[in-house]
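Protein chains in written order, with this note's numbering: chain A, 1 to 114; chain B, 115 to 225. Report on the following structure.
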């Protein structure tokens, strides 16, 4: 099992460019999450998908869109990147239906917007 | 859903010493989970304690939960340099779908 796989690992964008961060999990989890982490900070929830076909805003959704493509894949799109979106982005998945289980995280996408 | 607040924000100890970090939360929970993050990598699950449990052990980790005080503590015994990381708690409520985290405790274990 690969767990949670994020692509790309690194990306540099110019202000105004768009890009999509990809996340896939192979654990048949129903819930998936996107977070951003700025230097020295905790993880802030951008969007989440409690189950296939649903998406909801987290704490910092502005400037982002998401798509739950199927049960395995949850993508995060930046339509017009801004320097304030320079951050490390983490995807996570969780079997929300089984409450007493752990979440699994990808290794992160390091995004720099210049 | 809710997020926990970890305390202290930073902790520096010598190798071999014990490290204790705390987590407080606001509303009733089903369980509380602790995660570790090594230097910018993804979070890794350490231990889960259910609301009807008071203490749980896993190797050098000991977690306690006091639901009356809405707090939990994570004790790492005989710390090693490899324990240097940030530690986050995640209190989980039964009805929530969000999985949120505080700012964590940054532990540094020096040789």
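Glycine is no exception: its CB is placed at the ideal position from the N, C-alpha and C atoms.
Cβ neighbours of residue 170 of chain B within its own chain (closer than 7 Å, five residues either side excluded): 161, 163 and 177. By the criterion of a C-beta distance shorter than 8 Å, residue 127 of chain B is surrounded in its chain by 133, 193, 221, 222, 223 and 224, once the five residues flanking it on both sides are discounted. In this structure, A:87 is the residue among A:30, A:9, A:50 and A:87 with its C-alpha nearest to the C-alpha of residue 114 of chain A. Taking a contact as a CB-CB distance under 8 Å, the pair residue 141 of chain B and residue 217 of chain B does not count as one, their CB atoms being some 19 Å apart. Here the C-alpha atom of residue 211 of chain B lies approximately 22 Å from the C-alpha atom of residue 63 of chain A. Under the Cβ distance rule, residue 218 of chain B counts among the residues neighbouring chain A, one pair being separated by less than 8 Å. Within 8 Å of the CB of residue 211 of chain B, the CB atoms of chain A belong to 31, 48, 50, 56 and 96, in sequence order along the chain.
The C-alpha of residue 60 of chain A lies about 11 Å from the C-alpha of residue 37 of chain A.
Taking the CA atoms as reference points, residue 27 of chain A sits about 21 Å from residue 214 of chain B. Straight-line measurement puts the Cα of residue 205 of chain B at about 9 Å from the Cα of residue 137 of chain B.
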